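**Student:** Here it is, the structure in full.
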Amino acid sequence: MSELVTVKIDDREVKVPDGVAIIEAASLAGIDIPHLCYCRCLESTGACRVCLVEVEDTKGLVASCSRKVKDGMVVYTNTDKVKEARRFVIELILSNHPGDCLSCDKNGACELQKYAYELGIEKTGFSMKDPGYAIDDSNPFIERNYNLCILCGRCVRICKLKGADILDFARRGMLTKVTTPLDKSLQESGCDFCGSCLAVCPVGALLEIDRRFRGREWEMKETETTCSYCGCGCGLSFGTVEGEILRATTKDPCDYLCARGRFGWDYVASPERLTTPLIKKEGALTECSWDEALSYAAERLLKLKKEHGPESIGGFIGAGSSNEVIYLFQKFLRACVGTNNVDSSARLLGFPGLLDFCETLGGEAIASLEDVEEADVLLLVDADVTAAYPRVGVAVKKAIANGAKAIVIDPMETKVAKLVSLYLRPKVGTEEFLLAGLLKALLDEGLFDEKFAKTKCDNFTELKKSLNGFKMEGVEKKAGLPADTLKEAAKLYGEGKRPVVLFGAERVSPQSLKLIANLLLLTNRLKGSVLPCLLLSNLQGAVYMGALAEFYPGWKRATEIKDKFKKAWGASLPDAPGLSAMEMLEKAGSSILGMYIIGGDSVAQFPNATDATRALSSLDFLMVQDIFLSETAKLADVVLPGLTLPESDGNIVNMEHRVREIKKCVESPVQSDWKTIAELSKKMGCDMDYSSEKEIAKEIKLLFSIPKRVGKGSCRFMVVEPKRTGEKPDSKYPLSLVTGETSFGFYDGIRISHSKLSSLEPYGGEYVGVSPEDASAMGLEEGSRVRVASRRGKIEASVRIMDSLPRGLLFMPSHFGKRNLLTSDDIDPETKGPRCRLIAVSISKGGKK
Amino acid sequence: MSKNVKKQEAGNQGHGTRKPSAQIIIGLGTCGIAAGAWDVWTAFEKELKKRKVKAELKQTGCIGLCYREVLVDVVTPRGKIAYGNVTPAMVSRIVSSHLIADKPIEDWIVLGDGYETSDTDFLARQYRIVLRNCGQIDPEVIEEYLATGGYKALEKVLREVPPEEVISIIKQSGLRGRGGAGFPTGRKWEFTRRAQGDKKYIVCNADEGDPGAFMDRSVLEGDPHSVLEGMLIAGYAIGADEGYIYVRAEYPLAVKRLRIAISQAREKGFLGKSVMDTPFSFDIKIKEGAGAFVCGEETALIASIEGRRGMPRLRPPYPATSGLWGKPTCINNVETLANVAWIVSNGAAEFAAIGTEKSKGTKIFAVTGKVKNSGLVEVPMGTALREVIFGICGGIKDDGEFKAVQIGGPSGGCLPAELLDITIDYESLTATGAIMGSGGMVVADQSTCMVDLARFFLDFTQNESCGKCVPCRLGTKRMLEMLTRITRGRTRDDDLELLETLARDVKVASLCGLGQTAPNPVLTTLKYFGHEYDVHIKERRCRAGVCTELVTYAIKDNLCKGCGVCVKHCPVDAISGARKEVHHIDESKCVKCGLCMEHCPFDAINKV
Ligand SMILES: Cc1cc2nc3c(=O)[nH]c(=O)nc-3n(C[C@H](O)[C@H](O)[C@H](O)COP(=O)(O)O)c2cc1C
Ligand code: SF4
Ligand code: SF4
Ligand code: SF4
Ligand code: FES
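From first to last, the protein sequence lines are chains H and G. Numbered by the numbering used here, the letters in the first sequence go through residues 439 to 1287 in order. Numbered by the numbering used here, the letters in the second sequence go through residues 39 to 646 in order.
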């Protein structure tokens, strides 16, 4: 590919990589060949015939989007013959186009209009016709008006590549039309609502319903920023008119956004947003001024600090905030309050174990999305990539489309599991056995780097010894997978040239993480070879910023680095180790008396919500800063309005450890979160004075640099004895329940529940997924109401029969807020986070519709 | 039927028939069945039983004399005699007179050793390679094919000829693709053989979508093994171990006979693992097409076999390098493949001796339209058009006057009488603006309107356009609209000019062969029958009287007796006139139904 050839285009000689299409070569030479069906990221089809050019010594005209260059090729892109053909084609297209440009939102950005203008076509030789199709706006987001469609097929191709592969052409001749299978609605066809089709449509056939008649292209202000949902951190651009978001898109139509990124921003303008501070007066939250709220909060916190010591105060911040806010928050607690009791949702989503993981393998091991796309073998462990981190899902699909072999380990048959070469379905909670079996198979088959393991790694002998005692029959018995299948998987993975392991950080057990580290060490794959998938946009940033009790900014253990920060911050810093979020809740009312929570909710986010809520209610003082009045905010003494990321400036760090910029695209009456923290600190007598988030960013930069992929690479094998994870079912709670992501839901559901996205979730997300076998055994029907109970609580839900589930496993979307009334707050002693997302439950018929 | 009894030596009749007892062989091709062959079969069954006559009732495919179906061959020790236009009512006489009394019924004989009939020429002036067995053997009995030397060519190459040499034999023979484009078959095989790939395919294109064409159907129905043998040899030559036959679902009989043939060949060890106990393995699958014309285009065909929408894609890459499931694939037409075994058996030189310098061998045409004898005609390349239409097919029906011949189906062109003496080969046909195409040949007489004919073919192609590329999808539609306007007298001044530009633009700008050739009927009629367009546009008249809206009915003063019959029949009261006086048609009222002309007892009304 990289070999260069010389071609002459319109008398301009250029050197271009061999094998590119003429249109691409021309673009390298600065010549833009008109085109309609061609799209850089899609396979060319040569359908529109707008890009025709003349090639010397070639009969007829050639579609430049599809013909590859050859050394010495001479191309003319603008001869009379070419122009005539181009004009002819555009006129033909116009002859079947309604010509409603006056009220079309694409006016000014329509590619057909552009070429008609450039070619000076005033009136076509044919009469204009409207094919007369009904407009489809039966879903909340995408309007399909096929009267405007020019049948370029871009949508069909991109839907296959990145979407749900539901679009295709139907019928023939003039009746040809893009449709879904059986012409059903998008929802019924299983559309992902990624809107990829909409982004590439050159005309107004596919449009965001929300923007219709509210702003033409040139009236929109574009702000390029980063999506604030999952850990992929996709770049996006908000188009706004008069301070209102009308649509989200990508600058390059080939870049991907999932439904949340493209359509899930409407919560920002929800009328339910908090805009004024509230103080609890006589048991009721009452509006007050910022100054009153902050002064009151400072007074209460100072009082607690004085009477019970700084350790009586704790802080928790959600990982949906920017680096700057998180940094300032932990600085406030450490330097101003004087406690290490500062934690974040990183604790709840499996992060602490990752630190050891990275230290063992070295930071280089973290793969980028490009590494995933270019991989030849993929191993996915408990990672529902298309639902939880859809951009990763697209990378995985792309790799598979390019011929990569993929192995999925997951008790749930996820969407990717259907595409892969090898799907390993362990019995519920037995992933550790399977991973250990895989390790053993690699060893047994000699599919590992023995020299590396022996000479460069610690503990190899111990590992070998532990695996020697491990029986493959055990795996078959426990996990239900025969030794041969494991061998096949080991062979696939072991023989890969550029394999990447992916796992859902919030789903794998801490032990599984160690097993995966062993796997990577054993095969000496320590460069771009593993991608821990992170659920929240700034989980990685939260950890870099020091929002885990044991760590200071820069991902350094408090004990190692305290002195440096003492100097930098000019404050005395606490010695006592901080408490994790789970520990703070445990001690709430006893040794923890006051808490400051930003973007955290005991019901929607914390396991065992009943106990978590009780704990928070027992505090002397609780201050909550959030965008909506959450269940936790309702318990607070002071409630401060928070800002959303589309209203903020700053940075985040995505799962690839890449820093991404956040830009304010709409103004909010609410003040910036960093400002709130800074003002509070001032009222508490600390000198945390900043003029902008830029200044905070500068301070961060002086202290440490991101990305600095953490971990030196201790290369130490960890001996692990595999165990069944999760709560053991018993006769009272005979089933297991796992919570996870869905395409249109997200995490705690707080933003989604204020977005039209939630309307796409079956039963508004309030369901329990049941396998068809269990459903028929228990006589449950789709949509029937049931009570689901665990050792901690009981909730009602609708039954959703899901083919992807095995017998004995139930599923609940994580954005189903009440699910935490069931979940377990059992703490893992090592990570101090929740032990496992798998709990034992029972299910019984009944409950209100 | 005219008859001319004359004793003569046997022609090329009698292949593959085994003598002893009497045989009755009924032509059970699709054309025969459509003409009622099954009823004739049942009638024979009953009659033979009733009369207790011992004779074997057998079937064969279509021999090509479509205008004589139902055809029945009666084989007795005196030889083989074919009766044409047989109906169940004729059966009892054939049995009693011919079989029992040994007296052939001369009036009904179409062909027979020693009989000369008006149909003798139809076969005698042909040169049958591909159709060698059609109408001669029972296609459902592999032994009959074997008896004609079938599968000998396969055996020969498998045992004696290395694949490269097979390719050079085909190259030397000069065989070119009969599917339309005329690409040299040997070279296609060579490309596929040389292409990189762990797996390769042979695909037989039996989509035959041209309206009016049925050459491939007849071969598949009449001699399926010749196609299988061709595929096997091709597979061996290019290194493929799997073949697909893509056949129209509208050809159920062909599909049935192919299935029978495939299972028989498997039983004999000609298909499957270790063919004829050699290391060569090959198997064939049938894929029934959905019946879209465009699915005959090779890349659309591949997509369709793969289970995708049958839409053409750009070439290169050609199927020879990246075809079915991305593997090197050689796609050949039925007729192309049916030539292969003959070439191997008879030698490349023998084949190359037939035809012109660049077009070798024979070509089958399905001649339809206004000829006396319509049917399948296989002639050497280089035969004059006149020979086919007048020599073999007996000229124009009802002694009409020849006007034009459309060659190559909807992708082909319309040629006038002046070009009747050109020869049939790829080069001379292309030079006229028509193409060889797959072999459709529609003959038109003076009652055909050329504008309407062009409109007919264009209507077909624009409906069949896959819809992918703009010039074909919209361009053919716009052309059709113009032609429709012309045939309705609603022309705009610049229509003719625009039509021609449009036609040329669609040709150069379309993606696949469908769009690139769709304008051919229009362009050739414009070229050779431009005056007809002129008359339509300038005089608003259709001389052939086909374009209803351009026709006027007029009463001839000298013939009208004033009987008033026309007045009674006119549905809109457009005719007036006193009794016994000359009548008149009010043109503004006339709806051109033609009822008056039909009923005038004195032929006083005519169309102008
Ligand atoms: C619109 C269109 C329809 C075609 N239909 C047929 C067909 O019905 N049968 C066929 O053999 N070839 C058909 N062809 C030609 C095939 O694409 C291909 O050239 C041919 O099958 C190659 O076989 P050959 O080399 O033996 O001729 C068609 C081509 C076009 C453009
Ligand atoms: S939104 Fe995405 S999944 Fe839905 S049709 Fe468009 S590309 Fe396909
Ligand atoms: S809807 Fe848009 S992208 Fe899809 S085929 Fe039509 S014009 Fe192209
Ligand atoms: S020329 Fe016609 S049939 Fe061929 S690709 Fe274009 S639209 Fe389809
Ligand atoms: S851009 Fe090349 S054919 Fe459409």
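Think of the CB as a built atom: it goes at the ideal place given N, C-alpha and C, for glycine as much as any other residue. The structure presented is a predicted model; accordingly, all values stated were derived computationally and were not measured.
Return helix, strand or coil for H:P1167, following the three-state DSSP convention.
**Tutor:** coil
**Student:** At a CB distance below 8 Å, what residues from the segment 545 to 563 of chain G approach chain H? Give them in sequence order.
**Tutor:** Under the 8 Å Cβ criterion, the segment 545 to 563 of chain G contributes V546, A547, S548, L549.
**Student:** CA-CA distance, G:F640 and G:G583?
**Tutor:** Approximately 20 Å between the Cα atoms of the pair.
**Student:** How about H:T1114: is its C-beta nearer than 8 Å to some C-beta of chain B?
**Tutor:** Among the protein chains in the structure shown, which are H and G, there is no chain B.
**Student:** Give me the residue from G:R617, G:V241, G:E94, G:K606 with the minimum Cα distance to G:G632.
**Tutor:** G:K606
**Student:** Which parts of the segment 95 to 179 of chain G are runs of the beta strand (DSSP E), unbroken and 3 residues or longer, counting only runs that do not cross its ends?
**Tutor:** Listed in chain order, the beta strand (DSSP E) elements of length 3 or more contained wholly in the segment 95 to 179 of chain G are 110 to 114, 117 to 121, 147 to 150, 153 to 155.
**Student:** Spell out whether any CB of chain H is found under 8 Å from the CB atom of G:M517.
**Tutor:** no
**Student:** Taking 8 Å as the CB-CB cut-off, is H:I1065 touching chain G?
**Tutor:** no
**Student:** Are the C-beta atoms of H:V968 and some chain G residue less than 8 Å apart?
**Tutor:** no
**Student:** Using a Cβ-Cβ cut-off of 8 Å, state whether H:S502 counts as contacting chain G.
**Tutor:** no
**Student:** Taking 6 Å as the limit between beta carbons, can you name the residues of its chain near G:C598, skipping five residues before and five after?
**Tutor:** V620, H621, A642
**Student:** May I ask you to list, following chain order, the residues of the segment 500 to 527 of chain G that have a beta carbon less than 7 Å from some beta carbon of chain H?
**Tutor:** Q500, N501, E502, S503, C504, G505, K506, C507, V508, P509, R511, L512, G513, K515, R516
**Student:** Check whether the Cβ atoms of H:S1119 and H:F770 lie closer than 8 Å to each other.
**Tutor:** yes
**Student:** Taking the CB atoms as reference points, tell me whether H:G673 and H:G1271 lie closer together than 8 Å.
**Tutor:** Here H:G673 is not near H:G1271, since their CB atoms are 8 Å or more apart.
**Student:** Starting from H:R487, find everything on chain G with Cβ-Cβ shorter than 8 Å and list it in chain order.
**Tutor:** Chain order gives the chain G residues near H:R487 as C507, V508, P509, A547, S548, L549, where near means a beta carbon separation below 8 Å.
**Student:** What residues from chain H crowd round G:I339, counting only those whose CB sits closer than 7 Å?
**Tutor:** It should be pointed out that residue 339 of chain G corresponds to Leu in this sequence rather than to Ile. Within chain H, no residue comes near G:L339; the closest Cβ sits about 15 Å away, beyond 7 Å.
**Student:** Indicate whether at least one CB of chain H lies closer than 8 Å to the CB of G:A390.
**Tutor:** no
**Student:** Pairing CB atoms from the segment 533 to 542 of chain G with CB atoms from the segment 633 to 644 of chain H, are three or more of them under 8 Å?
**Tutor:** Segments in contact, no.
**Student:** Would H:A996 and H:P1015 qualify as a contact pair, given that the criterion is a beta-carbon distance under 8 Å?
**Tutor:** yes
**Student:** For H:T899, which option in H:L960, H:E662, H:I1090 has the closest C-alpha, if you only look at C-alpha atoms?
**Tutor:** H:L960
**Student:** Could you check if H:Y553 belongs to the surroundings of ligand 5, using beta carbon to heavy atom distance under 7 Å?
**Tutor:** no
**Student:** Would H:M511 count as contacting chain G if we go by Cβ distances under 8 Å?
**Tutor:** no
**Student:** Count the other CB atoms, across all protein chains shown, that sit within 10 Å of the CB of G:W380; report buried if there are 16 or more and exposed otherwise.
**Tutor:** The residue in question, G:W380, is buried, as its Cβ has 16 or more Cβ neighbours within 10 Å.
**Student:** Mind pulling the beta strand (DSSP E) runs of 3 or more residues that sit fully within the segment 354 to 438 of chain G?
**Tutor:** 367 to 371, 400 to 407, 413 to 418
**Student:** Please classify G:V610: is it buried, with 16 or more other beta-carbons within 10 angstroms of its beta-carbon, or exposed?
**Tutor:** exposed
**Student:** In angstroms, rounded to a whole number, what distance separates the CA positions of H:G1027 and H:L645?
**Tutor:** 54 Å
**Student:** Along the alpha helix (DSSP H) that carries G:I300, what are the first and last residues, could you check?
**Tutor:** 290 to 305
**Student:** Beta-carbon separation of G:A469 and G:G451 under 8 Å?
**Tutor:** no
**Student:** Could one say the Cβ of H:D423 lies closer than 8 Å to chain G's Cβ atoms, at least one of them?
**Tutor:** There is simply no residue 423 of chain H to check, as chain H begins at 439 and stops at 1287 in what is shown.
**Student:** Could one say the Cβ of G:A287 lies closer than 8 Å to chain H's Cβ atoms, at least one of them?
**Tutor:** Taking Cβ atoms only, chain H never reaches closer than 8 Å to G:A287, which makes this a no.
**Student:** Can you name the residues of chain G whose CB is closer than 8 Å to the CB of H:G1298?
**Tutor:** For residue 1298 of chain H there is no data in the structure shown, the boundaries of chain H being 439 and 1287.
**Student:** Quick check on H:S1280: does DSSP put it in helix, strand or coil?
**Tutor:** strand
**Student:** For G:V285 versus G:A278, is the C-beta spacing smaller than 8 Å?
**Tutor:** no
**Student:** Residues near ligand 5, CB to any non-hydrogen atom under 6 Å, in chain order?
**Tutor:** H:H473, H:L474, H:C475, H:Y476, H:G484, H:A485, H:C486, H:R487, H:V488, H:C489, H:A501, H:C503
**Student:** Could you run through the segment 320 to 337 of chain G and flag, in chain order, every residue whose CB is less than 7 Å away from some CB of chain H?
**Tutor:** A330
**Student:** G:M520 lies in the beta strand (DSSP E); which residues open and close that run?
**Tutor:** Counting along the chain, G:M520 falls outside any beta strand (DSSP E), though it belongs to the alpha helix (DSSP H) covering 514 to 526.
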